[in-house]
Ligand code: ADP
Ligand code: MG
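Numbering (this note's numbering), first residue to last: 1 to 208.
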């Protein structure tokens with residue numbers, strides 16, 4: 001079960017992770033974008049992680065909502081609104097939930113990803129962060145459906161996301177900045193699929 005404290009640990013862990021991986025994420029974005037994904041994520045998540053010490057939150061929903069608002073207002077480019085919407089929509093799944101189990105977290109992740117889709121209109125195979133999220137949600141549900149607890153379902157989701165991330169290398173981008181490169185975008189891993197996989201790996205470490 002994951003309570004508010006587990007969610008604040010998730011955000012802190014992810015902020016530390018994207019800070020540590022900022023140069024790598026930026027290098028991935030240099031190849032097929034504008035070399036700012038690492039700095040975007042580091043800036044936004046550092047601000048988001050500061051929330052927990054600066055304010056009292058009464059619930060998982062109000063906390064995640066604020067995290068989303070911080071990302072929308074502090075991160076430019078495609079990823080700020082996309083990750084911001086992810087957390088805002090995820091927040092909506094935790095109204096009245098104090099301790100989230102596998103079912104609630106599954107609903108929350110799905111709601112978040114629906115937000116990414118509403119905003120970015122990506123489909124599987126477009127070489128975006130959705131290529132990590134789509135298999136991750138499927139693996140989460142399969143694990144949950146066969147009786148896995150939250151730890152097991154998150155581990156399965158993170159593993160599937162990593163595979164989806166790796167498979168973006170062979171794809172041609174059809175959304176976002178990378179799509180301007182057309183065929184030349186092939187042969188590079190998508191930065192957003194990489195940061196999304198890191199977010200799930202971080203969730204597997206902290207939420208369960
Ligand atoms: P920008 O492209 O504006 O510089 P970032 O570099 O921070 O923003 O983020 C780029 C990432 O955003 C891409 O690697 C991709 O995963 C993701 N992305 C871009 N457009 C979309 C979209 N329409 N739907 C989903 N993800 C997208
Ligand atoms: Mg960029």
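A virtual CB, placed ideally from N, CA and C, is assigned to each residue, including glycine.
Straight-line gap, residue 7 to residue 61 (C-alpha atoms, nearest Å): Here residue 7 refers to the residue found at position 7 of the chain shown. Here residue 61 refers to the residue found at position 61 of the chain shown. Distance between the alpha carbons of residue 7 and residue 61 is about 10 Å.
Outcome for residue 180 when other beta-carbon atoms lying within 10 angstroms are tallied against a minimum of 16: Taking the first residue of the chain shown as 1, we reach residue 180 at position 180. Exposed is the call here.
Within 9 Å, strictly: CB atoms of residue 63 and residue 91: On the chain shown, position 63 is the one that residue 63 refers to. On the chain shown, position 91 is the one that residue 91 refers to. Yes. Within cutoff.
Cβ-based burial, residue 201 [other Cβ within 10 Å; buried from 16]: The residue given as residue 201 occupies position 201 in the chain shown. Classification of residue 201: buried, given that the 10 Å Cβ count is 16 or more.
CB contact flag (residue 175, residue 122, <9 Å): On the chain shown, residue 175 is found 175 positions in, with the first residue counted as 1. On the chain shown, residue 122 is found 122 positions in, with the first residue counted as 1. Yes, the pair counts as a contact, with Cβ atoms nearer than the cut-off.
Proximity winner among 59, 198, 171, relative to residue 96 (alpha-carbon distances): In the chain shown, counting from the first residue as 1, residue 96 sits at position 96. When C-alpha distances from residue 96 are compared across 59, 198, 171, the shortest belongs to 59.
N- and C-terminal bounds of the alpha helix (DSSP H) containing residue 8: Start at 1 with the first residue of the chain shown, and residue 8 comes out as number 8. Its alpha helix (DSSP H) spans residues 4 to 20.
Continuous alpha helix (DSSP H) stretch holding residue 37: start and end: Looking up residue 37 in the chain shown gives position 37. Start and end: 37 to 54.
Residue 128 Cβ short of 8 Å to the ligand ADP heavy atom set: Taking the chain shown and counting its residues from 1, the one referred to as residue 128 is at position 128. At least one heavy atom of the ligand ADP is nearer than 8 Å to the Cβ of residue 128, so yes.
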